Amino acid sequence: MRIPEDTISEIIERTNIEDYISRYVPLKRAGSVLSGSCPFHNERTPSFTVFPNTRSYYCFGCGAGGNVVSFAMAINSLDYVEALRLLARESGITIPESQFEQESGVRRARIYEANKETARFFHQSLMGDGGRKALEYLKSRGITQTTIRRFGIGYAPDSWDALYNVLHSKGFTDPELEAAFLCKKGKNGRMFDIFRNRIAFPLISTSGDVLGFSARRLNEEDERKYVNTSDTPVFKKSKFVFALNMAKAHSASELIMCEGCVDAIALHQAGFDGAVATLGTAITPEQSRTLAKYTKKIYLCYDSDSAGQTAAEKGIKLLTQLGVSSKVVKISGAKDPDEYIKKYGADGFRKLLSSADGEIDFLIRKIIGGIDLTISENKLTAVSEVSKVLAELDSLAQREVYSSRAAELIGVSKDAISESVSRHRRAAERKGKKEFEKKEMMKSLGAGDKANKDKLSMPGEAILEEKLLGILLIQPDLYKFSGGRITDDIFFTQFGKKVFSVFKGDFESGVEPNISTELLLPEEVSAVAKLIALRQSQGENTKETMLKLIDALEAKKKKNEADELISSADESKRAEELQKYIESLKKKNS
Ligand SMILES: [Zn+2]
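Taking our numbering, the leading residue of the sequence shown gets 28, the next gets one more, and so forth.
Structure, rendered in structure tokens:
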């Protein structure tokens with residue numbers, strides 16, 4: 028959906044960036060700026076800086092930067108629109124109807140209401156006469172009354188229009204029910220219910236809204252085991268984590284991630300308050316970002332089949348990148364956590380958790396599992412592959428422990444592994460040293476700027492551009508004194524051209540730019556925040572400085588043109604042409 032630009036500006040103006048960031052980061056005032064410890068990277072000396080005059084922030088340590096919208100996005104792992112909605116709500120600003128709402132005539136709020144009414148109706152149906160079979164099924168799976176109430180479990184009746192009739196009588200329109208993925212229009216033009224004869228588990232957000240349903244078949248002959256709400260204006264499957272609304276209070280210590288909601292419910296019932304689930308899929312990057320907000324430790328509880336193991340491996344990678352440590356729970360003697368608890372009880376499951384493989388164990392087993400060790404040459408491959416993983420461990424003690432374990436599993440001496448690990452470490456060190464040197468060189472040339480890739484090949488030009496843009500971003504009203512000399516042509520780098528074109532309109536009308544605009548990539552927003560930060564902490568942002576920078580950029584352009592002429596001209600003609608060029612310059616200047 029699109030939020031109008033002036034509403035966005037109003038949200039940014041009405042939210043005091045200093046107060047907002049202070050809620051998450053203790054800030055200390057130092058002159059006109061405030062600083063604190065960066066919430067986006069680990070640091071001892073505070074390099075996170077808030078600039079109230081430009082309503083921006085920038086971390087000199089990790090390069091994160093932007094305005095209050097970027098901050099709300101990053102700290103709450105929200106997307107652009109969600110962050111704006113949150114800020115709007117807090118400052119009492121009403122966002123005009125979105126395009127979706129305008130076009131479809133359906134307001135989001137109505138979808139939430141329809142979902143809530145549906146959850147209520149399904150729950151009543153489960154408790155009523157028609158729900159007897161469903162209730163029996165839940166009992167047979169060991170789900171208690173208390174759990175049914177706690178999770179708001181319900182029953183979608185075996186009817187084509189029971190839900191439709193209820194919602195229709197409550198005033199919900201057909202387009203609303205279609206947008207909510209509750210009913211659909213059939214070929215005969217009549218509306219019918221999507222969830223029929225199914226146990227319905229409401230999908231509840233961390234803020235308590237019903238977003239949709241995951242519905243399990245009651246008749247084993249039905250083709251699909253589960254019918255889940257597909258993406259709607261209020262629900263995105265790849266982002267949703269089931270039962271996080273309950274687990275979030277307990278998540279500080281650890282979360283247990285399962286593959287389906289029934290597993291998560293069974294675990295909660297057995298006293299595992301940190302249980303959550305995806306809806307039968309591997310963890311997505313969006314979900315892992317959400318999870319990382321709540322915990323630093325996750326148990327991955329997947330089916331022991333190869334799909335489950337691949338899902339676990341993917342999950343480990345995503346979570347490790349976000350600094351969340353993960354352990355893989357290996358379920359044997361049962362097909363899933365639900366069955367395991369029934370067989371071995373909560374204590375049994377607790378033991379299973381404590382014996383869970385850490386990331387490294389899991390990777391070792393995974394490598395070895397894929398190699399046929401009865402062939403003795405393969406053992407060499409196994410040793411080498413495992414050593415590569417172990418070589419990356421920083422602690423010697425860890426390397427020792429895992430080397431012994433790997434040696435045992437592969438059936439070689441521990442020395443064989445240790446030696447191979449050392450060899451890999453030496454090789455990595457040599458490579459690392461080279462990379463470090465290269466990195467340092469790039470950094471000194473300004474190539475550390477991911478957003479401005481041309482800076483490496485033209486550092487001088489890039490620095491001039493950045494200064495000019497920084498001044499304009501802080502004082503857009505200076506643009507009118509540039510005499511029309513600032514155009515797309517004056518910029519050398521793609522980044523410079525892009526930033527100028529994005530904010531040109533703001534410069535022309537002299538209004539404060541919204542640097543978190545969707546027209547820029549996140550790293551570009553940070554880079555723009557950096558330009559502002561640098562100009563704020565050093566240098567004068569006056570008309571004179573701006574004009575000097577324009578002069579310098581124009582001179583560079585001329586010099587480059589001359590250089591090009593020299594290098595492109597034929598040896599014999601070169602002097603002649605250069606002479607002509609110099610003459611022409613003289614004439615121009617006189
Ligand atoms: Zn930082």
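Here a beta-carbon is modelled for each residue, glycine too, at the ideal position from N, C-alpha and C. For clarity, every value in this text was computed on a predicted model and none was experimentally measured.
Item	Value
Would you identify the three-state DSSP class for Cys89, choosing helix, strand or coil?	coil
Report yes if the CB atom of Cys285 is closer than 7 Å to the CB atom of Ala297, and no otherwise.	no
Below 8 Å CB to CB, which residues in the same chain sit around Gly88 once its five sequence neighbours on both sides are set aside?	Cys65, His68, Glu70, Ser74, Phe75
Going by the DSSP bridge assignment, what does Ser484 pair with across the sheet?	The partner list for Ser484 (beta bridge, DSSP) is empty, contrary to what the question assumes.
Among Glu581, Gly438, Ser414, Gly487, whose alpha-carbon lies nearest the alpha-carbon of Ala454?	Ser414
Going by the C-beta, is Ala91 closer than 6 Å to any heavy atom of ligand 1?	yes
For the region 526 to 588, which segments carrying the alpha helix (DSSP H) assignment without a break, of at least 4 residues, lie completely within its bounds, in sequence order?	549 to 564
Kindly identify the DSSP beta-bridge partner or partners of Val237.	Ile231
Can you tell me the Cβ-Cβ gap for Lys524 and Asp515, rounded? I've got them flagged as a contact below 8 Å.	6 Å
What three-state label does DSSP hand Ser83 in the structure shown?	strand
Considering only residues of the same chain and omitting the five flanking positions on each side of Ser403, which have a CB-CB separation below 7 Å?	none
Kindly indicate the opening and closing residues of the alpha helix (DSSP H) around Val428.	423 to 437
Look up Arg29 in the DSSP assignment and say whether it is helix, strand or coil.	coil
Report yes if the C-beta of Cys288 is less than 6 Å from at least one heavy atom of ligand 1; otherwise report no.	no
What's the gap between the Cα of Gly473 and the Cα of Glu493?	Because Gly473 sits at a pLDDT of 49, beneath the cut-off of 50, its placement in the model cannot be relied upon, and the point is left open.
Among Ser353, Gly360, Leu306, Ile325, which residue has its Cα nearest to the Cα of Ser331?	Gly360
Which same chain residues end up closer than 6 Å to Met85 when comparing Cβ atoms and leaving out the 5 residues on each side of it in sequence?	Looking at the sequence provided, one finds Tyr at residue 85 rather than Met. Within the same chain, Tyr85 has close Cβ partners Thr76, Gly92, Ala556, Lys557, Ala560.
Whole angstroms are fine: how far does the CA of Glu412 sit from the CA of Arg457?	19 Å
Report the residue ranges of all alpha helix (DSSP H) runs contained in full by the region 153 to 183; include only those spanning at least 4 residues, in chain order.	159 to 167, 172 to 178
Going by Cα to Cα distance, which pick from Ile102, Thr173, Asp258 is closest to Arg50?	Ile102
Does DSSP put Arg223 in a helix, in a strand, or in coil?	coil
Relative to the C-alpha of Ile283, which candidate in Phe262, Lys583, Ala339 has its C-alpha closest?	Ala339
I'd like to confirm something about Phe78: is its beta-carbon nearer than 6 Å to some heavy atom of ligand 1, or not?	no
Would you call the region 581 to 594 and the region 107 to 118 touching, i.e. three or more CB-CB distances under 8 Å?	no
Find the nearest neighbour of Val356 within the set Leu346, Ile325, Lys480, Lys369, judged by alpha-carbon distance.	Ile325
Tell me, please, which residues DSSP counts as bridged to Ala302.	Ile283
Do three or more CB pairs link the region 308 to 315 to the region 257 to 275 at distances below 8 Å?	yes
With three or more C-beta pairs closer than 8 Å as the rule, is the region 212 to 222 touching the region 153 to 169?	no
Closer than 6 Å: is that where the CB of Gly198 sits relative to any heavy atom of ligand 1?	no
State yes or no: is the C-beta of Phe67 nearer than 6 Å to some heavy atom of ligand 1?	yes
Which value, in whole angstroms, describes the spacing of the CA atoms of Ser431 and Arg392?	13 Å
Identify the continuous alpha helix (DSSP H) that holds Thr408 and give its terminal residues.	403 to 418
Does the Cβ-Cβ distance between Ile498 and Arg562 come in under 7 Å?	yes
Can you give the Cα-Cα distance for Gly179 and Ala161, rounded to whole angstroms?	14 Å
Using the C-alpha atoms, what's the distance from Ala189 back to Ser353?	44 Å
Can you name, in chain order, every residue of its own chain whose Cβ lies under 8 Å from the Cβ of Ile35, other than the five neighbours on each side?	Val96, Leu111, Asn541
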